[in-house]
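Read the structure below first, then the notes.
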Amino acid sequence: MRFGGGRSARLRRRLAVGTALAALVAVGLAVGVPLLRDRSQHRLERRADREVTATAQRTRAVLLAEPSAREADLRRAAGTVDGVEVLTVAAAAAEVRLVFRVRVAKTAASVFGWQRADADGCFAQVVRRGDSPAPLERLPCPA
19 MRFGGGRSAR LRRRLAVGTA LAALVAVGLA VGVPLLRDRS QHRLERRADR EVTATAQRTR
79 AVLLAEPSAR EADLRRAAGT VDGVEVLTVA AAAAEVRLVF RVRVAKTAAS VFGWQRADAD
139 GCFAQVVRRG DSPAPLERLP CPA
């Protein structure tokens, strides 16, 4: 006489353990995949924001390299930087204030497919004819 039920009892136990493991893996994937996707998207958005700031700094360098400080020259110089749109140019006595928008679109491949992040920021730069450059100012973008 055999104890423990023989081959069919062992098979039932293995099926029960296999089913429990499959259910645990399915629940883990259902919870883990959206969290990983959100983290990947958030990382891409942060990279896009850093790119906006870097583009604004490049634009500032181009603007401060223009010694003439004429409105048309500054508008043209800012327009040479990719992703920059000049919103307003206002001239005062010894300075020109240029407000511009920087737009960046980043895409990245991931295990979840293609992800995209769009970022933009508005900035103001005052270009003076003297030696003291004004700091770059971040502004809220108009709607």
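In short: position in the sequence shown from 1, add 18, done, that's this note's numbering.
Ideal placement from N, C-alpha and C gives every residue a C-beta, glycine not left out.
All figures in this text were calculated on a predicted structure; none of them were measured in a lab.
Which residues mark the beginning and the end of the alpha helix (DSSP H) in which residue i is found?
| i | result |
| --- | --- |
| Asp100 | Segment: none, Asp100 is in no alpha helix (DSSP H) and carries neither H nor E. |
What span of residues does the beta strand (DSSP E) with residue i cover, start to end?
| i | result |
| --- | --- |
| Val129 | Taken as a continuous stretch (DSSP letters only), Val129 belongs to no beta strand (DSSP E), as it is neither H nor E. |
| Leu157 | Glu155 to Leu157 |
Inspect the beta-carbon positions of residue i and residue j and report whether they are closer than 8 Å.
| i | j | result |
| --- | --- | --- |
| Glu84 | Leu92 | yes |
| Lys124 | Arg65 | yes |
| Leu154 | Ala74 | yes |
| Ser128 | Ser58 | yes |
| Leu101 | Val120 | The sequence given here places Gly at residue 101; Leu does not occur at that position. A contact, by the Cβ cut-off of 8 Å. |
| Ala112 | Arg146 | yes |
| Val144 | Ala135 | no |
Can you tell which of the options has the C-alpha that lies nearest to the C-alpha of residue i?
| i | options | result |
| --- | --- | --- |
| Thr98 | Ala112, Arg78 and Ser128 | Arg78 |
| Leu116 | Phe130, Glu69 and Ala142 | Ala142 |
| Leu130 | Ala41, Pro160, Leu47 and Arg32 | The question names Leu, but residue 130 is Phe in the sequence shown. Nearest option by C-alpha distance: Leu47. |
| Pro160 | Leu105, Ala110 and Val49 | Leu105 |
Just confirm the distance between the C-beta atoms of residue i and residue j, as a whole number of angstroms; I'd bet it's less than 8 Å.
| i | j | result |
| --- | --- | --- |
| Ala95 | Val114 | Not confirmed; about 11 Å, so no contact. |
| Glu63 | Ala137 | 7 Å |
| Glu43 | Gly139 | Note that residue 43 is Val in the sequence shown here, rather than Glu. About 43 Å; that fails the 8 Å criterion. |
Check: Can you give, in chain order, each stretch of the alpha helix (DSSP H) that sits fully within the stretch 53-84 and has at least 4 residues?
Finding: none
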